[in-house]
Amino acid sequence: MRVEGFLFEQLLMITPVMILELAGVAVFALSGALVAARLGQTLVTVCFFALVTGVGGGSLRDILLGTQAEWLSDPWVSAVILASALLVWFTPERWWRGQLLEWADAAGLSAFAALGTAKALEFGVAPIPAVVLGVASGCVGGIIRDVLAGQPSILMRPELYVTAAALTSILALAALATDLPRLPALLIASAAGFALRGAALVWSIELPSYGNKKAGRDGPPS
Amino acid sequence: MRVEGFLFEQLLMITPVMILELAGVAVFALSGALVAARLGQTLVTVCFFALVTGVGGGSLRDILLGTQAEWLSDPWVSAVILASALLVWFTPERWWRGQLLEWADAAGLSAFAALGTAKALEFGVAPIPAVVLGVASGCVGGIIRDVLAGQPSILMRPELYVTAAALTSILALAALATDLPRLPALLIASAAGFALRGAALVWSIELPSYGNKKAGRDGPPS
Amino acid sequence: MRVEGFLFEQLLMITPVMILELAGVAVFALSGALVAARLGQTLVTVCFFALVTGVGGGSLRDILLGTQAEWLSDPWVSAVILASALLVWFTPERWWRGQLLEWADAAGLSAFAALGTAKALEFGVAPIPAVVLGVASGCVGGIIRDVLAGQPSILMRPELYVTAAALTSILALAALATDLPRLPALLIASAAGFALRGAALVWSIELPSYGNKKAGRDGPPS
Numbered sequence: 001m002r003v004e005g006f007l008f009e010q011l012l013m014i015t016p017v018m019i020l021e022l023a024g025v026a027v028f029a030l031s032g033a034l035v036a037a038r039l040g041q042t043l044v045t046v047c048f049f050a051l052v053t054g055v056g057g058g059s060l061r062d063i064l065l066g067t068q069a070e071w072l073s074d075p076w077v078s079a080v081i082l083a084s085a086l087l088v089w090f091t092p093e094r095w096w097r098g099q100l101l102e103w104a105d106a107a108g109l110s111a112f113a114a115l116g117t118a119k120a121l122e123f124g125v126a127p128i129p130a131v132v133l134g135v136a137s138g139c140v141g142g143i144i145r146d147v148l149a150g151q152p153s154i155l156m157r158p159e160l161y162v163t164a165a166a167l168t169s170i171l172a173l174a175a176l177a178t179d180l181p182r183l184p185a186l187l188i189a190s191a192a193g194f195a196l197r198g199a200a201l202v203w204s205i206e207l208p209s210y211g212n213k214k215a216g217r218d219g220p221p222s
Numbered sequence: 001m002r003v004e005g006f007l008f009e010q011l012l013m014i015t016p017v018m019i020l021e022l023a024g025v026a027v028f029a030l031s032g033a034l035v036a037a038r039l040g041q042t043l044v045t046v047c048f049f050a051l052v053t054g055v056g057g058g059s060l061r062d063i064l065l066g067t068q069a070e071w072l073s074d075p076w077v078s079a080v081i082l083a084s085a086l087l088v089w090f091t092p093e094r095w096w097r098g099q100l101l102e103w104a105d106a107a108g109l110s111a112f113a114a115l116g117t118a119k120a121l122e123f124g125v126a127p128i129p130a131v132v133l134g135v136a137s138g139c140v141g142g143i144i145r146d147v148l149a150g151q152p153s154i155l156m157r158p159e160l161y162v163t164a165a166a167l168t169s170i171l172a173l174a175a176l177a178t179d180l181p182r183l184p185a186l187l188i189a190s191a192a193g194f195a196l197r198g199a200a201l202v203w204s205i206e207l208p209s210y211g212n213k214k215a216g217r218d219g220p221p222s
Numbered sequence: 001m002r003v004e005g006f007l008f009e010q011l012l013m014i015t016p017v018m019i020l021e022l023a024g025v026a027v028f029a030l031s032g033a034l035v036a037a038r039l040g041q042t043l044v045t046v047c048f049f050a051l052v053t054g055v056g057g058g059s060l061r062d063i064l065l066g067t068q069a070e071w072l073s074d075p076w077v078s079a080v081i082l083a084s085a086l087l088v089w090f091t092p093e094r095w096w097r098g099q100l101l102e103w104a105d106a107a108g109l110s111a112f113a114a115l116g117t118a119k120a121l122e123f124g125v126a127p128i129p130a131v132v133l134g135v136a137s138g139c140v141g142g143i144i145r146d147v148l149a150g151q152p153s154i155l156m157r158p159e160l161y162v163t164a165a166a167l168t169s170i171l172a173l174a175a176l177a178t179d180l181p182r183l184p185a186l187l188i189a190s191a192a193g194f195a196l197r198g199a200a201l202v203w204s205i206e207l208p209s210y211g212n213k214k215a216g217r218d219g220p221p222s
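Protein chains in written order, with UniProt numbering: chain A, 1 to 222; chain B, 1 to 222; chain C, 1 to 222.
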């Protein structure tokens, strides 16, 4: 698929995208490793959670596309995940409190959503499913992590999270449909999703929920 | 794979199958959206549950077959899922009580089981695994929905459900082995599974469970 | 991929590997069927658990590799799974107490880890991901079984389990990199992992967990 003559140009263009992807993997791997560490698990389980959270979303995207999971042919992804797990293991848990990780997760979420939509379009997926695949790339690693840990996943909380991924994916779809080059298109879409997720973190923006969307209805929906 | 000259004939034959498939997607999407709505979730989560339940079974079938998930190249499936989620969101929950949905779910279950077996055979799968894939196509969307929602899945209840999908898949396998054209073969198999599931709904037919299958054993199995 | 002239040699070489694989499937299927039987489930659910546990790890390996799941084109695997489920169903549960099954599970775990790594390498996967795929082949069937049954999975217990699979996979990677023929390479790697898992069973070897790895910290980690 690659013309040899364009190799240098491709390298220039593709490197920032790869860095974006590895950073997203690292951030998700850290969040997975931390969940396992907080549950008082062993190093092996910490590595497992780092792996599942780091590559879960991208793997689902790839297997739905009917192609081999990207991290299998990329020696960096596994190394980054292992390093993330060891970092969590050998540092005290209190280093990782506070919102630092939530912000990093927001960056990973929006980077993966943009990259996922772009890859889906490359594989000839229709527009709406391409947006869905982008959202899944961003959110699914965290969902698997929470289900395995027996925690209520972000999916079940009213906080704005999936919506930020959806905004990124829709913008990525729109930007890639224009003449914009790939990298700025993805960066603009990611930045918008990151800003929305950041706003949700700062001001605790929540979506209305089904039971409470009707006026005059009180009490928790059963 | 398609000869241009047979296009019209193919269209005549394929359209009812596609309608069968879209109806199944809609029914499962509705059931997923309702579970999320009853849990008091947001619109985004309602859409997510509609998606996972609507395409979960078919996606598992396709990824096991090593092919791209069908809904990625079909613009209708995503639209049907979105519409189902919005329908649940903008209508009061009491509209959806009663057994209407259970009957619709029975229709979706048997339609997907027949279609799943047929697709597996097209991909050269051996007979027993083809039946297994048909059953998975029918049941897995609902199982993922229940696991994500933290509910005991239909799988763990003694009520006849998977069995109805198995009946449909076995009959589809047998009917496709004869000279019967594809559509009537699938419709006959679906109708039989639907009738069995319907009978289970009307008369609460249950399978014997392991602890209770031996005579003289009382009390709930632990 | 196969030269006709080498058919006889291939048969001689491949048969023990296939037997290794079918034995692993049978053992995992038995463990899955038993979990469902102990939960007092129906025969259909017992079959479902046998299937998911028996082919879960190998299926994940295959779909990540972007290829069709092996058991779909192999008529033996489904038959072995069905037989395992029926065996559990028609025998009293007390036959299956004790550590026999744990030892069989250890054999399945190490066989699958070695076979998974070998298959990943055949598909051109990088070394570290190939080890990860081997570990996943060995462990994931049991994890899905436990998540579906609502039980804490082996993954969350400090007992040495995933580590044994990792030892097997790393040794398989090393042995296949030498000039050793495929079968003895896989058998040596499997034997080492089996021995480690066996030692963990006999002497209850546990890995240190995150909360307790620091000296002077008492009480359960929260």
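Even for Gly, the Cβ is constructed at its ideal location relative to N, Cα and C.
Shown in chain order are the members of the stretch 107-127 of chain A whose Cβ falls below 8 Å from a Cβ of chain B: A120, F123, G124, V125, A126, P127. Under the three-state reduction of DSSP, S78(C) is assigned to helix. T178(B) carries a coil assignment under DSSP once its states are collapsed to helix, strand and coil. Not a single CB atom of chain A sits nearer than 8 Å to the CB of P16(C). In the three-state DSSP reduction, T42(A) falls in the strand class (E or B). In the assembly as shown, G150(C) is an exposed residue. Its beta-carbon has fewer than 16 other beta-carbons within 10 Å.
Proximity of L201(B) to chain A, defined by a Cβ-Cβ separation below 8 Å, is not satisfied. With the rule of 3 Cβ pairs closer than 8 Å, the stretch 163-183 of chain A does not count as touching the stretch 70-85 of chain B. Annotated three-state conformation of S209(C) is strand, per DSSP. In this structure, the CA atom of W103(A) is about 44 Å from the CA atom of G24(C). At least one CB of chain B lies nearer than 8 Å to the CB of D74(C). Taking the Cα of G98(B) as reference, the smallest distance to any Cα among S209(B), L201(B), E206(B), L207(B) is reached at L201(B). Taking a C-beta cut-off of 7 Å against chain A, none of the residues of the stretch 20-32 of chain B qualify. Runs of the alpha helix (DSSP H) lying entirely within the stretch 77-128 of chain A, each at least 4 residues long, are 100-122 in chain order. For L20(A), same chain residues with a beta-carbon under 6 Å away, outside a window of 5 residues either side, are A111 in chain order. Cα atoms of T168(B) and G198(B): separation of roughly 13 Å, rounded to the nearest angstrom. Within chain C, the residues whose beta carbon sits less than 7 Å from that of I63(B) are I63, listed in sequence order. When CB distances to chain C are screened at a threshold of 7 Å, the residues of the stretch 65-98 of chain B falling below it are L65, G66, in chain order. Close to chain A, meaning a Cβ-Cβ distance shorter than 8 Å, are the following residues of the stretch 38-61 of chain B: R38, L39, G40, Q41, T42, L43, V44, T45, V46, F48, L51, S59. Taking a contact as a CB-CB distance under 8 Å, the pair G116(A) and G138(A) counts as one, their CB atoms being some 7 Å apart.
Only buried fits G193(A), as 16 or more other CB atoms lie within 10 angstroms of its CB.
Taking a cut-off of 8 Å on C-beta distances, the stretch 80-95 of chain C touches the stretch 24-35 of chain C, as three or more cross pairs fall below it.
It is roughly 36 Å from the alpha-carbon of A79(C) to the alpha-carbon of T178(C). Among the residues facing chain A, V140(C) is not included, as its CB has no counterpart in that chain under 8 Å away.
Around the CB of T53(B), 16 or more other CB atoms lie within 10 Å, so the residue is classed as buried. Taking the CA atoms as reference points, I81(C) sits about 19 Å from R61(C). Listed along chain A are V44, each with a C-beta nearer than 8 Å to that of T163(C). Against chain A, the CB of S209(C) has a partner CB under 8 Å away; the residue lies at that interface. Around the beta carbon of R94(B), fewer than 16 other beta carbons sit within 10 angstroms, so the residue counts as exposed. Interface residue (Cβ-Cβ distance to chain A less than 8 Å): L155(C) is classified as such. For L51(C), same chain residues with a beta-carbon under 6 Å away, outside a window of 5 residues either side, are I81 in chain order. Distance from A120(C) to G134(C) at the Cβ level is roughly 7 Å; contact confirmed, criterion being Cβ atoms closer than 8 Å. With a threshold of 8 Å between beta carbons, V132(B) makes contact with chain C.
The beta carbon of Y161(A) sits closer than 6 Å to those of I154, all from its chain and outside the five residues before and after it, given in chain order. Separation of G57(B) and A136(B) (C-alpha to C-alpha, rounded to the nearest whole angstrom) is 6 Å.
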